[in-house]
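**Student:**
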Amino acid sequence: MLLREVEYARPATVDEAVAVLAAHDGARALAGGQTLINVMKQRAAAPEVLVDLADLDELRGIGFSSDGMLEIGAMVTCAQLIGSSEVEVARPILAEVAGTIADVQVRNRGTIGGNVCVSDPTNHFPVLLVALDATFTIRGQDGERTVSADEFFIGVYMTAVGEGELLTKINVPPSSGAGDGYAGLTIGTHGTYIVNAAATVSGDAARVAIGCVAASPVRATALEERLAGGDYSEDAVRAAAEGLGASLDPPSDVHGSAEYRRHLAEVSAVRAVLQAAGRRK
Amino acid sequence: MAEPATSRTISVDVNGEQIEYDVPARRLLVHFIRDDLGLTGTHIGCDTGNCGACTVHVNGEAVKSCMLLAVQADGATIATVEGLAAEGELTALQQSFNEHHALQCGYCTPGMLMSATALLARNPHPSEDDVRYAIQGNICRCTGYVNIVEAVVGTGGQA
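So the sequence lines, in the order shown, correspond to chains A and B.
Each residue of the first sequence is one higher than the one before, starting from 117 at the first, in this note's numbering.
Each residue of the second sequence is one higher than the one before, starting from 186 at the first, in this note's numbering.
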């Protein structure tokens, strides 16, 4: 397929990338390109300028910040997450979920930053990063700001990253004994989701997010409150999740009706919470 | 500041040969490989990133060349299926494909070979599950995959 004509720049620093993004209307950051190139082929996106982040090595690292947070550069690929000893120590669920995205070729190129900045509700990482209470660092010409996961995902294909800005890193708290779980129903084994849920459970607190039921991940706050007692038996979790589906207003499409998605939301939430509870230390 | 441009002179190593080429920014890597370099072993099956027939190695990693712009590969080392038996002698994997009858129409074979070669480079003795996971991004509509998987596992057995 022939792409529409486009201009291409490959800046050498983050500051330069931000300057190019800000200087051109219709400029888009190009990370791994595993979504963007495809939607450009379909003409669903038609950026005037592509700003390739390939040379920005400072966005490719996985490490720990001074306050002990797992720090993941926006250009870290799924394959890197899968092979990272830091991720394995601090938050192995990130590697586990990365390993179920598409296929080897896509995981070799596709980045965590790209996955979240697309903000496709059916993607794997948005719902997980909301459950993990991640924070996102965004660089613009006026400097840097950080936003919480609850604030980052604004809508379908929309995030807190504005025009002329760039997501540079994602910080995830270390698990500190909490357990993490992830469940849902995909289109094909490792395809995108019809509904997904992610949960993190520590001693007496649970954080649960549901994906694909609204424009951005939804926190299951009523479920979280009912789980606050710390009873994570299967019966208790099932009882706590009752009514979750009814509280949601998911879309209907060829993959599932709204009613089916409400059902899946409860089932997925229960499975994610039970898995998370079973992994607590 | 890096000025955006509609074309770029890229420098790539393709199957051991250093190449400089002026490419439009919008050209997909697969079109550069097939149409500009004439290396038509890399196939276009779906053009949507689903089928894996266009799989090549970029800096040693299997990628789908229809989901990459040629300009993104600037500075990279690229290996295509033509590079496997560059001296005319089949690799153990290619030989094993032959022995296990791991192809019928052959259209997916270049991509299968490149995905399996990348797997064997990091895991010389893959299990059946390892192989199935590694070729998940490569679609074959003839074989039902069984002979392909046996061919790759069989290659590991020889090494």
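All C-beta atoms, glycine included, are put in the ideal place defined by N, C-alpha and C.
The model shown is predicted, which means the values in this text are computed figures rather than measured ones.
#1: Taking the continuous beta strand (DSSP E) assigned at A/Leu186, which residues delimit it?
#2: Got a sec: which bits of the stretch 283 to 307 of chain A sit with their beta carbon under 9 Å from any beta carbon on chain B, in order along the chain?
#3: From the beta carbon of A/Pro127, is the nearest beta carbon of chain B less than 8 Å away?
#4: State the start and end residues of the unbroken beta strand (DSSP E) segment that holds A/Tyr398.
#5: In terms of residues, what are the limits of the beta strand (DSSP E) holding A/Leu175?
#6: Using a Cβ-Cβ cut-off of less than 7 Å, give me the residues of the stretch 131 to 155 of chain A that come near chain B, in sequence order.
#7: Cutting at 7 Å between CB atoms, please list the residues of its own chain near B/Asp198, excluding the five before and the five after it.
#8: Looking only at its own chain, which residues have a Cβ that is under 7 Å from the Cβ of B/Ser192, when we skip the five neighbours before and after it?
#9: Between A/Glu358, A/Asp369, A/Asp296, A/Gly300, which lies nearest to A/Lys397 when the distance is taken from Cα to Cα?
#10: Straight-line CA distance for A/Leu186 to A/Ala250?
#11: Output yes if chain B places a C-beta closer than 8 Å to the C-beta of A/Gln196; else output no.
#12: If the cut-off is 8 Å on Cβ atoms, which residues from the stretch 222 to 240 of chain B count as contacting chain A, listed in chain order?
#13: With 16 other CB atoms within 10 Å as the buried threshold, where does B/Gln257 fall?
#14: Please report whether the beta-carbon of A/Asn224 lies at a distance below 8 Å from any beta-carbon of chain B.
#15: Between which two residues does the alpha helix (DSSP H) carrying A/Leu364 extend?
#16: Run down chain A in chain order and give the residues with a C-beta less than 9 Å from the C-beta of B/Ser196.
#17: I'd like the list of long-range same chain contacts for A/His306, defined as Cβ closer than 8 Å, with 5 residues on each side in sequence excluded.
#18: Work out the CA separation of B/Asn200 and B/Gly268 for me, nearest whole Å.
#19: For the ligand FAD, I want to know if A/Glu279 counts as a neighbour, meaning its beta carbon is within less than 7 Å of at least one of the ligand's heavy atoms.
#20: Taking 8 Å as the threshold (C-beta atoms), are A/Val311 and A/Ala381 in contact?
#21: So with CB distances below 9 Å, who are the chain A contacts of B/Thr265?
#22: So, with DSSP's three-state summary, where would you put A/Glu375?
#23: So for B/Ala344, helix, strand or coil by DSSP?
#24: Find out if the Cβ-Cβ distance for the pair A/Ala325, A/Ala276 is shorter than 8 Å.
#25: Measure the beta-carbon distance from A/Gly189 to A/Leu210 and round it to whole angstroms, keeping in mind my assumption that it falls under 8 Å.
**Tutor:** Here's the rundown:
#1: For this step, residue 186 of chain A is matched to residue 70 along the first sequence. 186 to 189 is the span of the beta strand (DSSP E), which, as asked, contains A/Leu186.
#2: Thr305, His306
#3: Residue 127 of chain A sits at position 11 when you count from the first residue of the first sequence. Output row for A/Pro127: interface = yes.
#4: What the structure shows of chain A is the stretch from 117 to 397, and residue 398 of chain A is not part of that stretch, so it cannot be assessed.
#5: To locate residue 175 of chain A, count along the first sequence from 1; it is residue 59. Where A/Leu175 is concerned, there is no enclosing beta strand (DSSP E), given that its DSSP letter is neither H nor E.
#6: Glu132, Ala135, Val136, His140, Gly149, Gln150, Ile153, Asn154
#7: The residue given as residue 198 of chain B occupies position 13 in the second sequence. The residues are Thr262, Ile263.
#8: Taking the second sequence and counting its residues from 1, the one referred to as residue 192 of chain B is at position 7. Only Asp207, Val208, Pro209, Ala210 meet the Cβ criterion.
#9: If you number the first sequence from 1, residue 397 of chain A lands on position 281. With distances taken between Cα atoms, A/Lys397 lies closest to A/Asp296.
#10: Residue mapping note: residue 186 of chain A aligns to position 70 of the first sequence, counting from 1. Residue mapping note: residue 250 of chain A aligns to position 134 of the first sequence, counting from 1. In a straight line, the C-alpha of A/Leu186 is about 9 Å away from that of A/Ala250.
#11: As a working note, residue 196 of chain A is residue 80 in the first sequence. It does not; no Cβ of chain B falls within 8 Å.
#12: Asp232, Thr233, Gly234, Gly237, Thr240
#13: To locate residue 257 of chain B, count along the second sequence from 1; it is residue 72. Burial call: buried.
#14: Counting from 1 along the first sequence, the entry for residue 224 of chain A is found at position 108. Taking Cβ atoms only, chain B reaches closer than 8 Å to A/Asn224, which makes this a yes.
#15: Position 248 of the first sequence holds residue 364 of chain A. Neither: A/Leu364 is in no alpha helix (DSSP H) and is coded neither H nor E.
#16: Against the second sequence, residue 196 of chain B aligns to sequence position 11. The premise fails here: B/Ser196 is roughly 13 Å from chain A at the closest Cβ pair, so nothing lies under 9 Å.
#17: Translated into the one-based positions of the first sequence, residue 306 of chain A becomes position 190. Cβ neighbours of A/His306 beyond the five flanking positions: Thr216, Ile217, Ala218, Asp219.
#18: Position 83 of the second sequence, counted from the first residue, corresponds to residue 268 of chain B. Position 15 of the second sequence, counted from the first residue, corresponds to residue 200 of chain B. Between B/Gly268 and B/Asn200, the C-alpha separation is close to 5 Å.
#19: This structure lacks the ligand FAD, and indeed carries no ligand of any kind.
#20: In the first sequence, residue 381 of chain A corresponds to position 265, counting from 1. In the first sequence, residue 311 of chain A corresponds to position 195, counting from 1. For A/Ala381 and A/Val311, yes; Cβs fall inside 8 Å.
#21: Position 80 of the second sequence, counted from the first residue, corresponds to residue 265 of chain B. What B/Thr265 touches in chain A: nothing, since even the nearest Cβ is about 14 Å away.
#22: Residue numbering aside, residue 375 of chain A sits at position 259 when the first sequence is read from its first letter. Three-state result, A/Glu375: helix.
#23: One-based indexing of the second sequence puts residue 344 of chain B at position 159. Residue placement at B/Ala344 is poorly supported in this model, since its pLDDT is 48, which falls under 50; the coordinates are not used for a value here.
#24: Position 209 of the first sequence holds residue 325 of chain A. Position 160 of the first sequence holds residue 276 of chain A. Their beta carbons are not under 8 Å apart, which means A/Ala325 does not touch A/Ala276 by this criterion.
#25: As a position in the first sequence, residue 189 of chain A is number 73, starting the count at 1. As a position in the first sequence, residue 210 of chain A is number 94, starting the count at 1. Not quite, the Cβ-Cβ distance comes to about 13 Å (not below 8 Å), so this is no contact.
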